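Structure first, commentary second.
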Amino acid sequence: MTPPVLAEQPLVGCTVAVTADRRREDLAALLRRRGARVIEAPTLKLVPLEDDAELRAATRACIDNPPDYVVATTGRGWRGWISAAEGWGDAPELQSALAKATVVSRGPKATGAVRASGMREQYAAASELCSEVLEWLRTQNVAGKRIAVQQYGAVDPTVDCDLAAELRADGADVLTVPVYRWDPPEDRAAVDRLLEAIEKREVHAVAFTSAPGVAALLDAAETRDPAFGVERLLEALRTDVIAACVGPVCAKPLQDRDVPSVLPERSRLGALVAEVCTAVPERIRREIPAEDGRTLTIQGSAVLVRGEAILLPPVVAAVLAELAQRPGWVVSRAELLRRVWRSRGSGLTTGTASVRDQHIVESTIARLRTALGDDADLVRTVTKRGYRLAVTPAGG
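In our numbering, each residue's number is its place in the sequence shown (first place is 1) plus 180.
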């Protein structure tokens, strides 16, 4: 039976990284509410262009020469466009011009924004891909037609098509409406720290909300280490660190590199968090039957024995995790030193453990027992051999 605390906070003891800029606070708050420790490291910065001269010029062009078709590619972008027009006092004229056009949307979010602005779409792409919008527009014989395309930042050709360029090649008169753009992150050091944490498997999952955000993390890994940075990142995401993507478009840059990802059925933040709450515990939670009918539950940096979650410091949690690899079997001090400290690049001596090194292990075991309180006896000392959990070894 799952302890109540894990039912209410399924991510307690887990570390989840958030790479989004837009709605970062919302996503982080949802994860923290479910018990997660959250690392915030936006890989890109979303810059609105409400006051940009290019956006205002595109708006005026729509008003002066109304388009035959208008494409809404993102909900945020569409709302930003209408909001900017309201700020300039141009909203009535813009809405009058767009009301004469056939409205096409790139997916549910864009559709919702179109309807909220008082218009109705004639076609909506189920896949949220511009390539699907392009296929539909080509059935309408758009050569010579005027088409306004609300843009949504950089286009990754490995993920989706450049809709404006494709339509121009088909002979359409295309007006691009740049509502926002992606800029480099404000805190590059935070992204580098995230990459290091992923490589060391100190992160259990990374939440992605856009394909450009995924691509930016890959680029940052290459910049940090041109020779091996990307491969180390991909290896971690293929094995120990879960990539959680808000939808299939977001996941495609990872899919193209053979990285599995978990996806919600609906491309929403709440649904993404729900997937993380299922996927991470399934991978890392360990329930170990111990002596006297007790159950030791280990999840990341959290340990539960009597239903209460105890959060352990990283090194203490790592020692417990090593003891739990083969419950009941003895793990020597030398093995703990090698697996926990030396694997983390602590600078401890190699070869035979020194007196100082042995003391570090003993003091960490003491901290673990202190954290366990009344259940400190679950960690046993085996004289001259090492330590083990108070569990009958499997096959022993």
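A virtual CB, placed ideally from N, CA and C, is assigned to each residue, including glycine. What you are looking at is a predicted structure, and each value in this text was computed from that prediction instead of being measured.
Please look up how many angstroms separate the CB atoms of residue i and residue j, rounded, as I've assumed it's under 8 Å.
i, j, result
"L343", "V251", "7 Å"
"E455", "A424", "6 Å"
"R568", "L503", "7 Å"
"L314", "E346", "5 Å"
"V496", "L552", "Not really, about 10 Å apart at Cβ, beyond 8 Å."
"W261", "V357", "6 Å"
"V383", "A377", "5 Å"
"T195", "G480", "7 Å"
"L317", "V429", "Not really, about 18 Å apart at Cβ, beyond 8 Å."
"P507", "V562", "With a Cβ gap of about 14 Å, P507 and V562 do not count as contacting."
"Y303", "G257", "With a Cβ gap of about 18 Å, Y303 and G257 do not count as contacting."
"G487", "P183", "5 Å"
"T394", "P433", "Per the sequence shown, residue 394 should be read as Val rather than Thr. Right, the Cβ-Cβ distance comes to about 4 Å (below 8 Å), so this counts as a contact."
"V322", "D350", "6 Å"
"V483", "G566", "Actually they are not in contact, since the Cβ atoms of V483 and G566 sit about 19 Å apart, beyond 8 Å."
"E301", "S276", "With a Cβ gap of about 18 Å, E301 and S276 do not count as contacting."
With distance defined between alpha-carbon atoms, name the residue in the options nearest to residue i.
i, options, result
"A556", "R286, R518, G292 and L500", "L500"
"R202", "G215, L211 and T223", "T223"
"I478", "S390, P184, G193 and Q189", "G193"
"T419", "A209, S311, R240 and R381", "R381"
"S263", "V571, R361, Q189 and A296", "A296"
"P493", "I468, I545 and A451", "I545"
"L355", "T199, R236 and P288", "R236"
"W583", "H539, P507 and V510", "In this structure the chain extends from 181 to 576, so residue 583 is not present and cannot be described."
"G427", "K280, P392 and A349", "P392"
"K564", "S543, A514 and A281", "A514"
"R217", "S512, L491, L558 and T550", "L491"
"F388", "P444, N321 and R412", "P444"
"R259", "P573, M299 and V394", "M299"
"A431", "S307, A352 and E379", "S307"
"A305", "D438, T254, S276 and D350", "T254"
"A459", "Q320, V421, V483 and E273", "V421"
"D438", "V185, L414 and R348", "L414"
"V185", "V386, R373, V485 and L274", "V485"
"I468", "P573, V511 and T403", "P573"
"R361", "V510, E234 and L558", "E234"
"D353", "E266, A241 and L558", "A241"
"A209", "V410, V453, E312 and Q505", "V453"
"E379", "S390, R348, L417 and R214", "L417"
"R466", "D436, Q505 and S311", "Q505"
"G287", "S311, E220 and R214", "S311"
"L229", "Q330, E462, V541 and L516", "Q330"
"R214", "E188, R204 and V227", "E188"
Considering just the uninterrupted stretch of the beta strand (DSSP E) at residue i, what are its terminal residues?
i, result
"V410", "Per DSSP, V410 belongs to no beta strand (DSSP E); it is in the alpha helix (DSSP H), G409 to T419."
"V495", "V495 -> not in any beta strand (DSSP E); alpha helix (DSSP H) instead, spanning P494 to Q505."
"R326", "R326 to Q331"
"C430", "Where C430 is concerned, there is no enclosing beta strand (DSSP E), although the alpha helix (DSSP H) it sits in stretches over P428 to Q435."
"V483", "A482 to L484"
"R217", "R217 to E220"
"A489", "A489 to L491"
"L226", "K225 to P228"
"L476", "T475 to Q479"
"A514", "Unbroken run through A514 is the alpha helix (DSSP H), R513 to L516; no beta strand (DSSP E)."
"A197", "T195 to V198"
For the alpha helix (DSSP H) that contains residue i, what are its first and last residues?
i, result
"P392", "A391 to R404"
"V460", "L449 to I464"
"R212", "R204 to R213"
"P184", "P184 to E188"
"A424", "Element bounds for A424: not the alpha helix (DSSP H) but the beta strand (DSSP E), I422 to C425."
"A385", "First-last for A385: A385 to F388, but that is the beta strand (DSSP E), not the alpha helix (DSSP H)."
Check: Hey, which unbroken runs of the beta strand (DSSP E) at 3 residues or more fall wholly within the segment 244-317?
Finding: The beta strand (DSSP E) runs of length 3 or more contained entirely in the segment 244-317 are, from start to end of the chain, 249-252 and 282-285.
Note to self: Suppose only complete runs of 4+ residues qualify. What are the alpha helix (DSSP H) ranges in the segment 341-381, listed by chain order?
What the structure shows: Under the rule that a run must span 4 or more residues, the alpha helix (DSSP H) segments found entirely inside the segment 341-381 read 343-349 and 368-379.
Checklist line | Contact the segment 459-474 vs the segment 398-408: 3+ CB pairs below 8 Å | finding: Contact fails between the segment 459-474 and the segment 398-408, because fewer than three Cβ pairs, one in each stretch, are under 8 Å apart.
Check: Do the segment 363-376 and the segment 285-294 meet, that is, are 3 or more Cβ pairs less than 8 Å apart?
Finding: Taking 8 Å as the limit for Cβ pairs, the verdict is that the segment 285-294 does not touch the segment 363-376.
Note to self: Can you confirm whether the segment 238-248 touches the segment 313-327 when touching is taken to mean that 3 or more C-beta pairs between the two stretches lie within less than 8 Å?
What the structure shows: The segment 313-327 makes contact with the segment 238-248, as at least three CB pairs between them are under 8 Å.
Checklist line | Whole beta strand (DSSP E) elements within the segment 533-576, 3-residue minimum | finding: Fully enclosed beta strand (DSSP E) runs of 3 or longer: 559-562 and 566-569.
Next item on the list: Inspect the CB distances between the segment 197-212 and the segment 449-464 and report whether three or more fall short of 8 Å.
Entry: Yes, they touch.
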